[in-house]
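So the structure is just underneath, and the comments pick up after that.
2 protein chains.
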Amino acid sequence: MNIGEVSGRSGLPTKTIRYYEDIGLIHPNRSGNGYRAFSETDLHKLVFLGRARALGFSIEDCRTLLALYEDDSRESAQVKAVAQGHLAQIDAKIAQLRSMRETLSTLVASCQGDNRPDCPILRDLAGAADDQK
Amino acid sequence: MNIGEVSGRSGLPTKTIRYYEDIGLIHPNRSGNGYRAFSETDLHKLVFLGRARALGFSIEDCRTLLALYEDDSRESAQVKAVAQGHLAQIDAKIAQLRSMRETLSTLVASCQGDNRPDCPILRDLAGAADDQK
DNA sequence: ATAGGGCTTCCAGTAACTGGAAGCTCAAGG
DNA sequence: CCTTGAGCTTCCAGTTACTGGAAGCCCTAT
Numbered sequence: 001m002n003i004g005e006v007s008g009r010s011g012l013p014t015k016t017i018r019y020y021e022d023i024g025l026i027h028p029n030r031s032g033n034g035y036r037a038f039s040e041t042d043l044h045k046l047v048f049l050g051r052a053r054a055l056g057f058s059i060e061d062c063r064t065l066l067a068l069y070e071d072d073s074r075e076s077a078q079v080k081a082v083a084q085g086h087l088a089q090i091d092a093k094i095a096q097l098r099s100m101r102e103t104l105s106t107l108v109a110s111c112q113g114d115n116r117p118d119c120p121i122l123r124d125l126a127g128a129a130d131d132q133k
Numbered sequence: 001m002n003i004g005e006v007s008g009r010s011g012l013p014t015k016t017i018r019y020y021e022d023i024g025l026i027h028p029n030r031s032g033n034g035y036r037a038f039s040e041t042d043l044h045k046l047v048f049l050g051r052a053r054a055l056g057f058s059i060e061d062c063r064t065l066l067a068l069y070e071d072d073s074r075e076s077a078q079v080k081a082v083a084q085g086h087l088a089q090i091d092a093k094i095a096q097l098r099s100m101r102e103t104l105s106t107l108v109a110s111c112q113g114d115n116r117p118d119c120p121i122l123r124d125l126a127g128a129a130d131d132q133k
């Protein structure tokens, strides 16, 4: 399989696939003409990577997960630990965004949004202390 | 004021302050010795930037907001539009994270996390199709 | 022979800093 | 007066995970 076909089947851009090879996530063979020659196994790994990335795992997490995937003597606890760590980070991120969202939506609601210069949003940014008026 | 004092008063690292000057967000004067000489106005701008960044606005949004802040003839509608745009992005991000969180927490819950190799998380990553068994 | 599309590599840029190196300035102590 | 150390300066590189673009080879069809 050439890179174009693998790209179509995995849903990953060719650029990304080459990048994954660069950083050592996959190791496709080469044909005589210098083209990458992907095996079904390579394709499966790319699909795996695509799914893991879609769930927000970092590349380094993906590297770990892929190694575990290929290690028949892995313990599922190792996989679970990685996933739980990532889940905790997602929760932290969500909490942070919710906090921002709350402040921001309050500010947006308090702004008239008309042609006058007075704006509670700017007032808040200029100094949280100046709450009122 | 030297950069150290401004850093302390604004809560921003000196590195960040220099970076903000590099990209043209602030324009502090220079003393005879080559040190940056910050005015109270510079400090206020930095506090403004720190708050805006804390709310997740991009640097480019910050640039826009700062310009509006300094423009006495601004219309609050302009500010509100920027804030609403950002709010929409935050909502999109939260939705994405929640979706990831849901999938991931289901997977984590289904994994025994023991010393055996069998793992539903890896099974899912390897191909969403292989749901059961 | 030539045109095109796919493949190759390599370089640069993205967002917003952060760390580190080399070197100048300033205030205090001996 | 000299030294020491903190604080300041600039510049370069690295971070994350790609993405775009340039220059050029390969293969197939006309």
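Top to bottom, those sequences are chains A and B. So the first sequence is numbered by full-length UniProt numbering: it starts at 1 and just counts up by one. So the second sequence is numbered by full-length UniProt numbering: it starts at 1 and just counts up by one. The C-beta atom is built at its ideal place from N, Cα and C for all residues, glycine as well.
By the DSSP assignment, the alpha helix (DSSP H) with residue i in it spans what residues?
i	result
B/His-27	That residue, B/His-27, is in no alpha helix (DSSP H); it is neither H nor E in DSSP.
B/Pro-117	Note, B/Pro-117: premise wrong, no alpha helix (DSSP H); not H, not E.
B/Phe-48	40 to 54
A/Ser-58	Unbroken run through A/Ser-58: none, as it is neither H nor E.
B/Arg-98	76 to 110
B/Gly-4	3 to 10
I believe residue i touches residue j by the beta-carbon criterion, under 8 Å. Please report the beta-carbon distance rounded to the nearest angstrom.
i	j	result
B/Ser-100	A/Leu-55	In the sequence as presented, Ser is not what sits at residue 100 of chain B; that position holds Met. Going by Cβ atoms, the distance from B/Met-100 to A/Leu-55 rounds to 5 Å, so yes, they are a contact pair.
A/Lys-107	A/Leu-66	Correcting the residue type first, residue 107 of chain A is Leu in the shown sequence and not Lys. So it is not a contact: roughly 44 Å between Cβ atoms.
A/Tyr-69	B/Ala-126	7 Å
Would you report the Cα separation of residue i and residue j, rounded to the nearest angstrom?
i	j	result
B/Ser-105	A/Leu-87	7 Å
A/Gln-96	B/Thr-16	21 Å
A/Leu-49	A/Cys-62	6 Å
A/Asp-130	B/Cys-111	Here A/Asp-130 scores only 44 on pLDDT, less than 50, and its place in the model should not be relied on; the value that follows carries that caveat. Their backbone Cα atoms lie some 51 Å apart in a straight line.
A/Tyr-20	B/Asn-33	49 Å
A/Asp-53	B/Thr-14	The amino acid at residue 53 of chain A is misidentified as Asp; the sequence shows Arg. So the alpha carbons of these two residues sit roughly 35 Å apart.
B/His-27	B/Gly-8	18 Å
B/Asp-22	B/Glu-5	19 Å
A/Arg-18	A/Glu-60	17 Å
B/Ile-94	B/Tyr-35	43 Å
A/Thr-41	A/Asp-71	14 Å
B/Ser-73	A/Glu-102	28 Å
residue 134 of chain A	A/Ala-92	For chain A, the structure presents residues 1 to 133; residue 134 of chain A sits outside this window and is missing.
B/Gln-84	A/Gln-84	33 Å
B/Arg-98	A/Arg-98	11 Å
With a threshold of 6 Å on Cβ separation, who are the neighbours of residue i within its own chain once the five nearest residues in sequence on each side are excluded?
i	result
A/Val-47	Ser-10
Might you give, ordered along the chain, the residues of its own chain that have their beta carbon closer than 7 Å to the beta carbon of residue i, omitting 5 neighbours on each side?
i	result
A/Gln-132	Per-residue confidence for A/Gln-132 stands at a pLDDT of 38, beneath the threshold of 50, marking its modelled position as unreliable; no derived number is given.
A/Leu-12	Leu-46 and Gly-50
A/Val-82	Asp-61, Thr-64 and Leu-65
Starting from the C-beta of residue i, find all residues in its chain whose C-beta is less than 8 Å away, skip the five residues before and the five after it, and write them out in chain order.
i	result
B/Pro-120	Leu-107, Ser-110 and Cys-111
B/Ala-37	Met-1, Asn-2, Pro-28, Asn-29, Arg-30 and Ser-31
B/Ser-39	Met-1, Pro-28 and Asn-29
B/Leu-43	Met-1, Val-6, Arg-9 and Ser-10
B/Ile-90	Gly-56
Should the segment 76 to 88 of chain A be regarded as contacting the segment 113 to 130 of chain B, the criterion being three or more beta carbon pairs within less than 8 Å? yes
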